[in-house]
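The block underneath contains the structure these notes are about, expressed in structure tokens.
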Amino acid sequence: GENVEQHPSTLSVQEGDSAVIKCTYSDSASNYFPWYKQELGKRPQLIIDIRSNVGEKKDQRIAVTLNKTAKHFSLHITETQPEDSAVYFCAARDQGGKLIFGQGTELSVKP
Amino acid sequence: EAGVTQFPSHSVIEKGQTVTLRCDPISGHDNLYWYRRVMGKEIKFLLHFVKESKQDESGMPNNRFLAERTGGTYSTLKVQPAELEDSGVYFCASSQDKVAIYFGEGSWLTVV
Chain A
1 GENVEQHPST
11 LSVQEGDSAV
21 IKCTYSDSAS
31 NYFPWYKQEL
41 GKRPQLIIDI
51 RSNVGEKKDQ
61 RIAVTLNKTA
71 KHFSLHITET
81 QPEDSAVYFC
91 AARDQGGKLI
101 FGQGTELSVK
111 P
Chain B
1001 EAGVTQFPSH
1011 SVIEKGQTVT
1021 LRCDPISGHD
1031 NLYWYRRVMG
1041 KEIKFLLHFV
1051 KESKQDESGM
1061 PNNRFLAERT
1071 GGTYSTLKVQ
1081 PAELEDSGVY
1091 FCASSQDKVA
1101 IYFGEGSWLT
1111 VV
């Protein structure tokens, strides 16, 4: 079955710097890759997603890239702000339609 | 439009007791998922309903866990008897098209 690995587990950046979180997946049949942000005590919220027929997608300060050949995808946050501090999860949708999540990255943006 | 709602938000029970968690999906969403996050680890898949049918229950840890979705609306997840390792946050999620999946706030379960 699908397996998703996510790195790093923790990431600390200064406000204004960029943050990059990387994920790899194992099943080449996976075709949808969402990213979720979970603030403390809140629900995971979808922030951006990418399908396998696209290499890159941007939404304001957030971008996601996908390399199908290498089976990895990354989240890029530019001009980070303290409110970006949260746990970020990558996921891959398997052939059955369920999401398989990475281990999560705790991002801390220091003012 | 109401989001996915879960009840209770927090529950503390003793080992050996029973707990039932409830999830109300977004209205009209046929797909309902249960996930669990144990402290510091990944969000792990438990079960997927399509309407009232269990499409995939490969993530259910053992037979102490029972999920139901009678009538294809809300779902319950019962843990009986609870063990210490069952502690964690249980998330319910729903989807209309299996693409955009929306999560509830989670039910925090602590077994002592």
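These protein sequences, in sequence, are chains A and B. Using the numbering used here, the final residue of the first sequence is 111, and nothing's skipped along the way. Using the numbering used here, the final residue of the second sequence is 1112, and nothing's skipped along the way. Glycine is no exception: its CB is placed at the ideal position from the N, C-alpha and C atoms. If you're wondering where the values come from, they're calculated on a predicted model, not measured in any experiment.
Residue i - DSSP class collapsed to helix/strand/coil
i	result
glutamate 1052 of chain B	coil
glutamate 83 of chain A	helix
glutamate 1085 of chain B	helix
threonine 78 of chain A	coil
threonine 1070 of chain B	helix
leucine 66 of chain A	strand
lysine 1041 of chain B	coil
Min CB distance residue i to chain A below 8 Å
i	result
glutamate 1105 of chain B	yes
phenylalanine 1007 of chain B	no
lysine 1054 of chain B	no
lysine 1051 of chain B	no
CA nearest to the CA of residue i, picked from the options
i	options	result
valine 4 of chain A	A:Thr10, A:Thr24, A:Gln95 and A:Val20	A:Thr24
glutamine 81 of chain A	A:Glu15, A:Lys98 and A:Thr10	A:Glu15
Cutoff 8 Å: residue i Cβ touching any chain B Cβ
i	result
leucine 46 of chain A	yes
isoleucine 100 of chain A	yes
lysine 68 of chain A	no
phenylalanine 89 of chain A	yes
glycine 97 of chain A	yes
tyrosine 25 of chain A	no
lysine 42 of chain A	yes
glutamine 103 of chain A	yes
Residue i classed as buried or exposed, judged by whether at least 16 other C-beta atoms fall within 10 angstroms
i	result
valine 1004 of chain B	buried
serine 30 of chain A	buried
serine 1075 of chain B	buried
glycine 1106 of chain B	buried
threonine 105 of chain A	buried
Subject >> Contact the region 1068 to 1079 of chain B vs the region 1047 to 1058 of chain B: 3+ CB pairs below 8 Å >> reply: Under the 8 Å Cβ criterion, the region 1068 to 1079 of chain B counts as touching the region 1047 to 1058 of chain B, having at least three qualifying pairs.
Original post:
When the Cβ atoms of the region 18 to 32 of chain A are set against those of the region 77 to 94 of chain A, are three or more pairs found closer than 8 Å?
Top reply: Yes: the two stretches touch, three or more of their Cβ pairs being nearer than 8 Å.
Original post:
Do the region 1082 to 1101 of chain B and the region 1013 to 1030 of chain B make contact, defined as three or more Cβ pairs closer than 8 Å?
Top reply: Flag = yes, the region 1082 to 1101 of chain B and the region 1013 to 1030 of chain B touch.
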